[in-house]
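Encoded as C-alpha cells, the structure appears first; notes follow it.
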Amino acid sequence: MFPFALGLYLTQSPTVAGLVVWSVMATDSLIPAMATSPALVGRLPVDLGMANKLQTGLQVTLDNQLIKAGATVAIINSDGRVWLGAAGLSDLAMKTRMQPQDRLQVASITKTFVATVVLQLVQEGKLRLDDPINRWLPTPLVNDLPYGHQITIRQLLNHTSGIHDYTDPDTVFGKNLVPNSRKSWQPQNLLTPIKGLNPYFAPGTVGKWRYSNSNYILLGLVVEAITSSTLETEIRRRVLEPLKLGDTFFGNAEVIPGRLARGYWDIEQQGGPTDLSDVNLSAYWASGAMVSTAADLVRFTEALFGGELLKPDLLAQMTTFVDTHEGGGYGLGVSAIDTPWGKAWGHAGSLFGYEALMLYLPDRRVTAVVLLNQRELLSSPTIDILDASLRIVLDPHLSLEP
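Numbered per our numbering, the sequence shown spans residues 74 to 475.
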C-alpha cells in the first residue's frame, strides 16, 4: 500500500487574488480561468509552458484512470510560484465542469488540522503530549475504553493507542456503514460502537501501530474540554482565519456556501459511479469532516511545514515518525514516505465519493495537493496525478510509481 493512502477507510491574466489559474474549458484549449483564492494573494503563477504541461498531465491521468468525475490540483513550486488546475466534472448529472475553486470533502486530512490545534494547545502550556486522556475526558467515557486510564494524547495523535476504530467492519457502525453515515451524530456517541470491543493492542506497545479514527474523535473532545469551545471554532480561530483559508469549512457544523463538487463511488461495483454526496459529516467529525479547496490546502500545508503555525520544537514533535509497517511512518497527525525527490510529509483522505492527498517535500520546498470527487478502490488516481505533476515540476526521469 502506498503510505499516503492512510485515510478514512470505508475502506497570464491576473485574478482578483493576483494569481493566474490555467484550466481546460469547454473548448479544450488552455485559457486563464478566473478564480478567487484569498489564501494565495500576491503569488505569481508558474510560466505558461509548465502550466500547459501540468494541465495536460492532469487530463491524461484522469482519462487513463477512466475517471468520469474530476479533480483539482494545487502546487507551490520551490520559487513560490503557484499552479492551480482542474479537469473533469464536478457534477455528472448536470455536466458541470470542475473548476480550481471548487470545494471537495477532504476526509482524513481533517486529522492534520486537529493535530495542529492540539499541538498549539501544548505550545500554550494547556496540556502535555504525555498527559493521560483521563485528565481531560469524563470518567465514564474513559472507563469504557480498555486501558483508558493509560492512553496518552501522543498515542492518540500517532495511532499507537490500540483503540478500536469505530468505522471498522466489525463494529455496529461499520456493519451498516452507508445508513450510519447519513445520520446525524453527537461526537461522543461515535465511540459507542467500540464499547466492549477489544483493543488492537495495549497502548504504547513497542512495534505496534494501527490507524484508528476513534483516536481523533477523542482528540476533538479533548480540544473542546480544554478550550470550553467547539472544535470547529478552534480550527477556524487558530488556523483558517490566520491563513485566510476562506474556502475551508468544518462540514455539517458550518454552512458551506456553494461550489461543492458532488462525490461519486461505484460502491456496488456495478460499473458506474453512484452519487454519495449526502454523507452527514457529523458521522466523522474530528476524524474526517472538513471541506476545502486545493488552493486552501496547499497554503495550509506550506504554512504548517514552513513553521507558521507551530514553533520549531512542536513541529519537530509532529514530524517524529513511528513505523507503520506499511512502507512509511506516521507522526502527530501527519504521514511520511521516502520519494525519488527526497522525504515527503503530508496526509491523505478517502470518504465515499472523495479522495484527497496533500504532500510537502522539505528538501525541494515543493507543496502539492490533489482532490478528487470519485472514490476508487482498485487504483490510486490521486497518487498518479501527483506523480505526473511532480515529474513535470521536478524531474521527468523519476516517479513515485514502483
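A virtual CB, placed ideally from N, CA and C, is assigned to each residue, including glycine.
Remember, it's a predicted structure, so these values are computed and weren't measured experimentally.
Residue nearest to residue i in terms of C-alpha spacing, selected from the options
i	options	result
residue 151	339, 286, 298, 439	439
residue 211	405, 390, 127, 299	299
residue 337	331, 328, 352	352
residue 254	208, 240, 261, 345	240
residue 228	112, 280, 257, 132	280
residue 450	140, 369, 357	140
residue 411	426, 458, 437	437
residue 425	381, 402, 362, 369	362
residue 174	132, 431, 370	370
residue 243	266, 252, 257	266
residue 238	346, 270, 208	270
residue 276	417, 339, 223	223
residue 339	381, 357, 372, 452	452
residue 203	390, 149, 165	390
residue 322	161, 273, 392, 355	355
residue 312	193, 126, 385, 169	193
residue 157	142, 169, 128	128
residue 189	397, 392, 435, 396	392
Per DSSP, the bridge partner or partners of residue i
i	result
residue 156	148
residue 412	415
residue 222	DSSP output for residue 222 lists no bridge partner at all.
residue 123	Partner(s): none; residue 123 has no beta bridge.
residue 359	DSSP output for residue 359 lists no bridge partner at all.
residue 395	403
residue 176	333
residue 420	431
residue 170	162
residue 365	177
residue 322	364
residue 441	148, 432
residue 327	324
residue 143	161
residue 208	Answer is none; residue 208 lacks a bridge partner.
residue 347	338
residue 118	155
Alpha carbon of residue i to alpha carbon of residue j, nearest angstrom
i	j	result
residue 248	residue 349	18 Å
residue 111	residue 318	7 Å
residue 289	residue 134	33 Å
residue 213	residue 219	12 Å
residue 130	residue 456	13 Å
residue 209	residue 331	37 Å
residue 381	residue 413	27 Å
residue 285	residue 399	15 Å
residue 262	residue 185	22 Å
residue 407	residue 441	15 Å
residue 316	residue 272	38 Å
residue 256	residue 461	38 Å
residue 274	residue 401	20 Å
residue 345	residue 144	18 Å
residue 96	residue 114	Confidence in residue 96 is poor, its pLDDT being 36 and thus under 50, which makes the residue's placement unreliable; the coordinate value appears in the next sentence. Residue 96 and residue 114: Cα-Cα distance of roughly 19 Å.
residue 372	residue 307	18 Å
residue 357	residue 297	16 Å
residue 291	residue 126	44 Å
residue 283	residue 268	18 Å
Burial state of residue i, where buried means 16 or more other Cβ atoms lie within 10 Å
i	result
residue 167	exposed
residue 325	buried
residue 124	buried
residue 320	buried
residue 309	buried
residue 187	buried
residue 232	buried
residue 164	buried
residue 245	exposed
residue 327	buried
Beta carbon of residue i nearer than 8 Å to that of residue j
i	j	result
residue 147	residue 367	yes
residue 365	residue 116	no
residue 195	residue 206	no
residue 419	residue 374	yes
residue 421	residue 429	yes
residue 183	residue 334	no
residue 48	residue 433	Nothing can be reported for residue 48: it is not among the residues displayed for the chain, which extend from 74 to 475.
residue 423	residue 464	no
residue 445	residue 427	yes
residue 287	residue 264	yes
residue 293	residue 260	yes
residue 200	residue 226	yes
residue 159	residue 171	yes
residue 443	residue 459	yes
residue 119	residue 155	yes
residue 454	residue 178	no
residue 161	residue 142	yes
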